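Chemist:
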Amino acid sequence: MKKSVLALALCLQPLSIAAAQLGDDVSALIEKAKAQYRVETDGSYIFRNEVQLLLQEKRAIQENGQQYIYLNKQLDKLLSLEAYTLKADGRKVVVAADQIKTQADPVSSNAPMFNDSEYKVIVFPDLDVGDRIYFKYSLQSQPMFPGYFGGTNLPAFHPYKEATIEYDMPDSLPLKSEVKGYVALPTTSEPGRKMYAWRYEAKPKDRIEAGSVDYVDYGDRLQTSTFKDYAALAQAYEQGARDKAKPNEKIIALAQELTQGVKAERDKALILADWVRKNIRYVAIYLGRGGVVPHAAEDILNNRYGDCKDHTTLLEALLAAVNIDSTTALISLGNSYRLPDVPVAFVFNHAITYVPSLDLYIDSTAEPVAAGFLNPNLQGKPTLLTRSGQIAHTPLTQQDETHSNMEVTVQNDGVAAVKGSKDVIGVFAEVDRVNFQITPENERAHMIENILMKNGLKGKGRYTLDLNPSSRDRQRFSYDATVENFVAFPGTVGLNAGTTLAGGLAATIGSYIAESTRTQPFPCAAFLVEEEANYSFPKGTKIVSLPKPLKLENNYFHYNASYQRQNQQVKIKRMLQLKATGRAVCTPADFKAMLPSIQAMWRDVKNQIVIEGK
């Protein structure tokens, strides 16, 4: 029993590994998992799958008592299905026909996605600990890319006893593979065909660490493909997309209207990209081969909706209308940062736009991200440029800065007036602006109250946005609040030396201590955070002690924290710069080198100002 992905479906969420956070789930033992593919010259295949699973703990009944067979209604046909419960005493309880249900894809049943997917759900009867579930089925499948075959097999996060996978291929479609954790088996082949087979080594799998790259980047996997190279994969995509991005008169008129009077090519590209981002609603429609074939640009414009492929197609047409050449760039949307040695379509689950003359990537599906920036989880990733077939990379870094100021005035009764502002510069300026604007008014009214409550404080206030729609890379937020129980006077009190009302630098550092050690790669980042806070205490308050200043700088961090006392005031300044490493992914060795600095910074942000009040 393995997670198998055999068709490219762009614009989908990345593959997840169930129960992976805890490593192998021993509640069930996979005693047998045998997968067989017989592939024809046109890329179609018959898939046979046989699984037997031992339920070793009570919770395995709930988690494994239903098994799901995925089908694309236009491309797949279920040929046979056998299933039964094998009781601990040897009795066999056959799954009846009415215990095999048909269920719509949970994703497709909720907008904004519509597709042809469904599941055959096997509901096993009379299950108890010590029983086994057994099922065997075969299905016939048409290829997403005619004439090609390939996919990714990942082990389930359960212990295994026996697991094999076989590919029976025609000689005209030699199979390339990238393998980790699987052992090749000897085979015999029919005339005109070639058999490939592997056995899973069934080693225990470690817990997936918080914030690590996707399991497929470092874990056990069997990835296969009949594409000659990535250029051939790009060409196969272009065969379905090439003619869809031609601008008609309506598209040309729109592009010229939007860019009228604009001379710089980059400015034109950003204007058109922002228009698509704001006016073309994201709706994924995967009917038949729609997972890899976009709609025509004119239809997308008329409908005012489309998926990621449709966004790139319409934007390509708009750019062409003002003589700017562009191409679709296929990319991974999840936490995967590497391309397999063999050209596997599965690794690309998203499509964005690349403008070669500007060396500019644009993702117009990311509604909260302004044109000129990318969602941070797309930084430093390999892309496949479909027009040229070349492998390229998105930028490793982009502007990401936050500058905050906070004024805290404490009264004799411990009540505090808190005022502050936050300037967001770069990628998150538009993100934060959009998120604020889509927050319902009644939630905004209680935003400060909820922030205080999470920190054990009681109070009220308001959080406001300095609207500046002409700026895509700069935004200011302001807040003011009255906190009823900020200081518990009288007596000696330890007050957290915070430099912002919530989140900020302390939360950023906190995210790095989610793991005390790392054995798996994790994404690197680069950003700048500056925070300043000024505390004013009432007359008669004694400032007993302040934290010690901290300065550190190395290959990963530049950090500076200072504390100054003047009369009844304490001023705190903190600065954290996470440096670019020149790599998108950091290693466990990097984390080991980072850890002393992370721990020192964490101690600093948790420091206290000690005061004594009457």
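For the sequence shown, our numbering assigns the number 1097 to the initial residue and increments by one for each residue that follows. Even for Gly, the Cβ is constructed at its ideal location relative to N, Cα and C. The structure displayed is predicted, hence computed values, not measured ones.
By Cβ distance, which residues of its chain are closer than 8 Å to GLN1352, with the 5 residues on each side in sequence left out?
Modeler: By one-based count along the sequence shown, residue 1352 stands at place 256. ALA1417, VAL1418.
Chemist: Would you call the region 1608-1626 and the region 1671-1683 touching, i.e. three or more CB-CB distances under 8 Å?
Modeler: Output reads yes: the region 1671-1683 touches the region 1608-1626.
Chemist: Reducing DSSP to helix, strand and coil, say where PRO1266 ends up.
Modeler: Position 170 of the sequence shown, counted from the first residue, corresponds to residue 1266. It is a strand residue.
Chemist: Given a threshold of 16 other Cβ atoms within 10 Å of its Cβ, counted over all protein chains shown, does ARG1187 qualify as buried or as exposed?
Modeler: Locating residue 1187 in the sequence shown gives position 91, where the first residue counts as 1. Exposed, because fewer than 16 other Cβ atoms sit within 10 Å of the Cβ of ARG1187.
Chemist: Which residues bound the beta strand (DSSP E) around PRO1251?
Modeler: As a working mapping, residue 1251 is identified with position 155 in the sequence shown. Where PRO1251 is concerned, the enclosing beta strand (DSSP E) stretches over 1246-1251.
Chemist: Would ALA1349 be called buried (16 or more neighbouring beta carbons within 10 Å of its own) or exposed?
Modeler: Residue numbering aside, residue 1349 sits at position 253 when the sequence shown is read from its first letter. Per the 10 Å Cβ criterion, exposed.
Chemist: Exposed or buried, which one is MET1549 when buried takes at least 16 other CB atoms within 10 Å?
Modeler: The count along the sequence shown starts at 1 and reaches residue 1549 at position 453. Under this definition MET1549 is an exposed residue.
Chemist: If you draw a straight line from the C-alpha of VAL1465 to the C-alpha of ASP1370, how long is it?
Modeler: Translated into positions along the sequence shown, residue 1465 becomes position 369. Translated into positions along the sequence shown, residue 1370 becomes position 274. Near 9 Å, if we compare the C-alpha coordinates of ASP1370 and VAL1465.
Chemist: For the putative contact between VAL1511 and PHE1582, defined by C-beta atoms under 8 Å, what is the C-beta separation to the nearest angstrom?
Modeler: Numbered from its first residue, the sequence shown carries residue 1511 at position 415. Numbered from its first residue, the sequence shown carries residue 1582 at position 486. Contact holds; Cβ gap of about 7 Å.
Chemist: List the endpoints of the continuous beta strand (DSSP E) containing PHE1444.
Modeler: Taking the sequence shown and counting its residues from 1, one reaches residue 1444 at position 348. Neither: PHE1444 is in no beta strand (DSSP E) and is coded neither H nor E.
Chemist: Pull up the DSSP beta-bridge partners for GLY1594, would you.
Modeler: As a first step, residue 1594 is located in the sequence shown; it is residue number 498 there, counting from the start. Paired residues: none, contrary to the question.
Chemist: Which residue comes first and which comes last in the beta strand (DSSP E) that contains HIS1489?
Modeler: Residue mapping note: residue 1489 aligns to position 393 of the sequence shown, counting from 1. Residues 1487-1489.
Chemist: Name the one or two DSSP bridge partners that ASP1172 has.
Modeler: For the purposes of this step, residue 1172 is taken as residue 76 along the sequence shown, with counting starting at 1. Paired residue(s): SER1237.
Chemist: Can the beta-carbon of TYR1450 be found less than 8 Å from the beta-carbon of THR1409?
Modeler: Residue numbering aside, residue 1450 sits at position 354 when the sequence shown is read from its first letter. Residue numbering aside, residue 1409 sits at position 313 when the sequence shown is read from its first letter. For TYR1450 and THR1409, no; Cβs fall outside 8 Å.
Chemist: Using 8 Å as the threshold, is the region 1323-1330 in touch with the region 1373-1380, meaning 3 or more CB pairs across them?
Modeler: As far as the Cβ criterion goes, the region 1323-1330 does not touch the region 1373-1380, which means the pair count is below three.
Chemist: Excluding five sequence neighbours on each side, which residues of the same chain lie with their C-beta closer than 7 Å to the C-beta of ARG1661?
Modeler: On the sequence shown, position 565 is the one that residue 1661 refers to. Cβ within range, chain order: ILE1639, LEU1642.
Chemist: Grab me the residues of PRO1390's own chain with a C-beta within less than 7 Å of its C-beta, minus the 5 sequence neighbours each way, in chain order.
Modeler: Counting from 1 along the sequence shown, the entry for residue 1390 is found at position 294. Counting only Cβ-Cβ distances below 7 Å, and skipping sequence neighbours, we find ALA1337, LYS1340, LYS1405, ASP1406, THR1409.
Chemist: According to DSSP, is ARG1187 part of a helix, a strand, or is it coil?
Modeler: Sequence index remark: in the sequence shown, residue 1187 carries index 91 (1-based). Reduced to three states, the DSSP call for ARG1187 is coil.
Chemist: Please determine, among TYR1457, TYR1314, ILE1229, ALA1462, the residue with the shortest C-alpha to C-alpha distance to LEU1150.
Modeler: As a first step, residue 1150 must be located in the sequence shown, where it is residue number 54. Taking only the C-alpha atoms, the option nearest LEU1150 is ILE1229.
Chemist: Can you tell me whether DSSP reads GLY1336 as helix, strand or coil?
Modeler: Here residue 1336 corresponds to residue number 240 of the sequence shown, with the count starting at 1. Helix.
Chemist: Determine, using beta carbons only, whether LEU1250 and TYR1263 come nearer to each other than 8 Å.
Modeler: Taking the first residue of the sequence shown as 1, we reach residue 1250 at position 154. Taking the first residue of the sequence shown as 1, we reach residue 1263 at position 167. For LEU1250 and TYR1263, no; Cβs fall outside 8 Å.
Chemist: Could you pull the start and end residues of the alpha helix (DSSP H) that LEU1548 belongs to?
Modeler: As a working note, residue 1548 is residue 452 in the sequence shown. From DSSP, the alpha helix (DSSP H) with LEU1548 extends over 1543-1550.
Chemist: Once the 5 residues before and after LEU1411 are set aside, which same chain residues still bring their CB inside 8 Å of it?
Modeler: Walking along the sequence shown from the start, residue 1411 turns up at place 315. Hits under 8 Å: LEU1368, ALA1369, VAL1372, SER1422, THR1449, ILE1458, SER1460.
Chemist: Distance, Cα to Cα, ASN1471 vs PRO1586?
Modeler: Within the sequence shown, the letter at position 375 stands for residue 1471. Within the sequence shown, the letter at position 490 stands for residue 1586. Rounded to the nearest angstrom, the two C-alpha atoms are 48 Å apart.
Chemist: Cα-Cα, which of ALA1200, LYS1173, ARG1434 is closest to LYS1477?
Modeler: One-based indexing of the sequence shown puts residue 1477 at position 381. When each option's Cα is compared against that of LYS1477, the closest is ARG1434.
Chemist: Can you give the Cα-Cα distance for PRO1692 and ASP1313, rounded to whole angstroms?
Modeler: Taking the sequence shown and counting its residues from 1, one reaches residue 1692 at position 596. Taking the sequence shown and counting its residues from 1, one reaches residue 1313 at position 217. C-alpha separation (whole angstroms): 27 Å.
Chemist: Whose C-beta lies closer than 7 Å to the C-beta of ALA1541 among residues of the same chain, with five residues either side of it excluded?
Modeler: Here residue 1541 refers to the residue found at position 445 when the sequence shown is read from its first residue. No residues qualify anywhere along the chain.
Chemist: Quick one: grab the DSSP three-state call for LEU1492.
Modeler: As a first step, residue 1492 must be located in the sequence shown, where it is residue number 396. Three-state DSSP puts LEU1492 in coil, outside helix and strand.
Chemist: So the candidates are LEU1492, ASN1651, ILE1142, LEU1318; which of them puts its Cα closest to the Cα of ALA1689?
Modeler: What you label residue 1689 is simply residue 593 of the sequence shown in a count that begins at 1. Nearest of LEU1492, ASN1651, ILE1142, LEU1318 to ALA1689, Cα basis: ASN1651.
Chemist: Would DSSP call PHE1582 helix, strand or coil?
Modeler: Position 486 of the sequence shown, counting from 1, holds the residue named residue 1582. It is coil, neither helix nor strand.
Chemist: Less than 8 Å between the CB atoms is what I'm expecting for ILE1218 and GLN1158, so what's the real figure, rounded?
Modeler: Mapped onto the sequence shown, residue 1218 falls at position 122. Mapped onto the sequence shown, residue 1158 falls at position 62. Rounded, the Cβ-Cβ distance is 15 Å, inconsistent with contact.
Chemist: For ILE1705, count neighbouring Cβ atoms within 10 angstroms of its own Cβ and tell me buried if that reaches 16, exposed if not.
Modeler: The count along the sequence shown starts at 1 and reaches residue 1705 at position 609. Label assigned to ILE1705: buried.
Chemist: Is the beta carbon of PRO1634 closer than 8 Å to that of VAL1514?
Modeler: As a first step, residue 1514 must be located in the sequence shown, where it is residue number 418. As a first step, residue 1634 must be located in the sequence shown, where it is residue number 538. No, the Cβ-Cβ distance between VAL1514 and PRO1634 is not below 8 Å.
Chemist: Quick check on this structure: which residue in VAL1666, GLN1616, ILE1707, ILE1534 has the alpha carbon closest to the alpha carbon of GLY1590?
Modeler: Position 494 of the sequence shown, counting from 1, holds the residue named residue 1590. Nearest option by C-alpha distance: ILE1707.
Chemist: With a Cβ-Cβ cutoff of 8 Å, do GLU1178 and GLN1199 count as a contact?
Modeler: The sequence position of residue 1178 within the sequence shown is 82, counting from 1. The sequence position of residue 1199 within the sequence shown is 103, counting from 1. No, the pair does not count as a contact, with Cβ atoms beyond the cut-off.
Chemist: Assuming THR1283 contacts TYR1292 (C-beta within less than 8 Å), just tell me the rounded distance between them.
Modeler: The count along the sequence shown starts at 1 and reaches residue 1283 at position 187. The count along the sequence shown starts at 1 and reaches residue 1292 at position 196. Right, their Cβ atoms sit about 7 Å apart.
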